[in-house]
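J.:
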Amino acid sequence: MTIRLGHSPDADDAFMFWALAEGLVDTPLQFEHVLRDIQTLNEWAREGKLEFTALSVHNLAYVADRYVVLNQGGSFGDGYGPMLVAREPIPLEQLRDYTIAVPGYLTSAYLALRLFLPDAQTVEMPFDAIMPAVQRGEVPVGLLIHEGQLTHRAAGLHLLLDLGVWWGEQTGGLPLPLGVNAIRRDLPESVQREIARAFRESIRLGLENRDQAMRYAMQFGRGIDPDTADRFVGMYVNALTLDMGERGRRAITEFLRRGAAAGITPHAELRFLD
220 MTIRLGHSPD
230 ADDAFMFWAL
240 AEGLVDTPLQ
250 FEHVLRDIQT
260 LNEWAREGKL
270 EFTALSVHNL
280 AYVADRYVVL
290 NQGGSFGDGY
300 GPMLVAREPI
310 PLEQLRDYTI
320 AVPGYLTSAY
330 LALRLFLPDA
340 QTVEMPFDAI
350 MPAVQRGEVP
360 VGLLIHEGQL
370 THRAAGLHLL
380 LDLGVWWGEQ
390 TGGLPLPLGV
400 NAIRRDLPES
410 VQREIARAFR
420 ESIRLGLENR
430 DQAMRYAMQF
440 GRGIDPDTAD
450 RFVGMYVNAL
460 TLDMGERGRR
470 AITEFLRRGA
480 AAGITPHAEL
490 RFLD
């Protein structure tokens with residue numbers, strides 16, 4: 220049976236899928252890797268297009284009836300996360316007066332921003348266009364995800380707020396859930412469990428063979444230096460990625476509960492693959 224694996228061409232995703240891509244995981248399933256940006260994967264998930272897909276936790280609110288969430292492969296900001304940056308310091312109480320460039324309205328970063336600032340004025344941009352646009356003064360404030368969280372200082376930008384820190388303060392220390400991997404509910408349960416097992420093994424092998432997995436992941440690092448890529452992977456491929464556990468599941472449930480309570484997202488009945 221062939222399973223299409225949808226994931227983004229980012230260093231952290233590449234790291235997790237390295238062992239599967241290299242054929243190092245023993246499994247009866249055949250895997251076809253489908254690399255697309257997260258916005259495309261989020262949209263495809265609405266249609267149930269792929270058997271296995273990475274998606275934003277925010278988007279789970281819209282696809283929970285189609286997909287079951289894996290305990291493996293989640294991206295959590297544990298005391299850090301998407302960042303609001305500007306060329307000059309701006310008091311947080313004045314942020315509602317400024318337009319904020321955001322990396323997509325289905326991203327978890329956007330939902331976190333709306334929970335922090337419900338009346339935020341926003342404009343959507345490709346995530347990798349946001350930092351240059353702020354540098355050039357085309358937008359006053361940017362919401363950074365991915366490597367921009369590590370490189371904004373070198374770009375001369377001021378950190379206004381780390382939404383991962385803010386979320387932890389609001390929730391008694393829960394990590395900010397950003398991305399998950401999910402399997403389509405209509406697949407036989409035995410297939411779902413084999414996919415989850417193979418994926419967990421791929422992550423484990425990556426963590427145990429970090430240098431090899433990082434060399435593979437660097438192909439997807441968008442030109443960043445190896446040290447920055449290694450730090451980025453370390454931020455988002457960790458113990459919570461191998462198994463989010465009760466803490467991770469609680470973070471996801473609370474994130475979407477607050478989104479629904481604020482009228483931003485629909486209520487979702489989540490199912491996690493045990």
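Start counting the sequence shown at 220; every next residue gets the next number (the working numbering). Every residue, glycine too, gets a C-beta built ideally from N, C-alpha and C.
How long is the line joining the alpha carbons of L248 and D462, rounded to whole angstroms?
T.: When rounded, the distance between both Cα atoms is 22 Å.
J.: In this structure, does DSSP put A240 in helix, strand or coil?
T.: If DSSP states are grouped into helix, strand and coil, A240 belongs with the helices.
J.: Going by C-alpha distance, which of A479, A487, E488 and L489 is nearest P337?
T.: Here the closest residue by C-alpha is A479.
J.: Which of the three DSSP states is assigned to V384 in this structure?
T.: Three-state result, V384: helix.
J.: Could you name the residues of the same chain whose beta carbon sits closer than 6 Å to that of P485, not counting the 5 residues immediately before and after it, in chain order?
T.: Same-chain partners within the cutoff: A280.
J.: Quick check: F400 and A273, are their CB atoms within less than 8 Å of each other?
T.: It should be pointed out that residue 400 corresponds to Asn in this sequence rather than to Phe. The answer is yes: Cβ separation under 8 Å.
J.: Going by alpha carbons, who is nearest to M235 out of A283, A417 and F491?
T.: When only C-alpha atoms are compared, the closest one is A417.
J.: Looking at the secondary structure, which residues open and close the alpha helix (DSSP H) in which L279 lies?
T.: Its alpha helix (DSSP H) spans residues V276 to V282.
J.: Of the residues P396, A348 and V456, which one's Cα is nearest the Cα of R423?
T.: Looking at the Cα atoms, V456 is the closest of the given residues.
J.: Please state whether DSSP places V288 in a helix, a strand or coil.
T.: The answer is strand: DSSP assigns V288 an E or B state.
J.: State the CB to CB distance for the pair R223 and E270, rounded to an integer number of angstroms; the pair is presumed to be in contact (CB under 8 Å).
T.: Confirmed, Cβ separation roughly 5 Å.
J.: What is the DSSP secondary structure of L395, reduced to helix, strand or coil?
T.: Here L395 sits in strand by DSSP.
J.: What is the residue span of the alpha helix (DSSP H) that E420 lies within?
T.: Unbroken alpha helix (DSSP H) run through E420: E408 to E427.
J.: What residue range does the beta strand (DSSP E) around R468 cover?
T.: Careful: R468 lies outside any beta strand (DSSP E), inside the alpha helix (DSSP H) at G464 to A480.
J.: Output the boundary residues of the beta strand (DSSP E) element that contains F250.
T.: Unbroken beta strand (DSSP E) run through F250: Q249 to L254.
J.: When we look at the beta-carbon of R419 and count the other beta-carbons within 10 Å, is it buried (16 or more) or exposed?
T.: Under this definition R419 is a buried residue.
J.: Report whether the distance from the Cβ of R450 to the nearest heavy atom of the ligand SAH is below 7 Å.
T.: Here there are no bound small molecules, and the ligand SAH is not part of this structure.
J.: What residue from D405, D446 and V358 has the CA that sits closest to T318's CA?
T.: The residue with the shortest Cα to Cα distance from T318 is V358.
J.: Using a Cβ-Cβ distance cut-off of 8 Å, determine whether R255 contacts chain D.
T.: The chain labelled as chain D is not found in the depicted structure, where only one protein chain is given.
J.: Per the contact definition of three or more C-beta pairs closer than 8 Å, is the segment 425-434 in contact with the segment 301-311?
T.: Contact fails: fewer than three Cβ-Cβ distances are below 8 Å.
J.: Cα separation between L311 and V360?
T.: About 11 Å.
J.: Is the segment 252-264 in contact with the segment 322-333, if contact means three or more CB pairs nearer than 8 Å?
T.: Yes, since at least three Cβ pairs between the segment 252-264 and the segment 322-333 fall closer than 8 Å, the two stretches touch.
J.: For G391, is the classification buried or exposed, using 16 other Cβ atoms within 10 angstroms of its Cβ as the cut-off for buried?
T.: Exposed, by the Cβ-count rule.
J.: Ignore the nearest five residues each way along the sequence and tell me which others in H377's own chain have a CB closer than 6 Å to its CB.
T.: The residues are A305 and P308.
J.: Taking Cβ positions, are R476 and Y286 nearer each other than 8 Å?
T.: No; because the gap between Cβ atoms is not below 8 Å, this pair is not in contact.
J.: Out of V384, Q431, G453 and D245, point me to the one whose CA is closest to G298's CA.
T.: Cα-wise, what sits closest to G298 is V384.
J.: Out of A436, M454 and L393, which has the shortest C-alpha to C-alpha gap to E465?
T.: The shortest Cα separation from E465 among A436, M454 and L393 belongs to L393.
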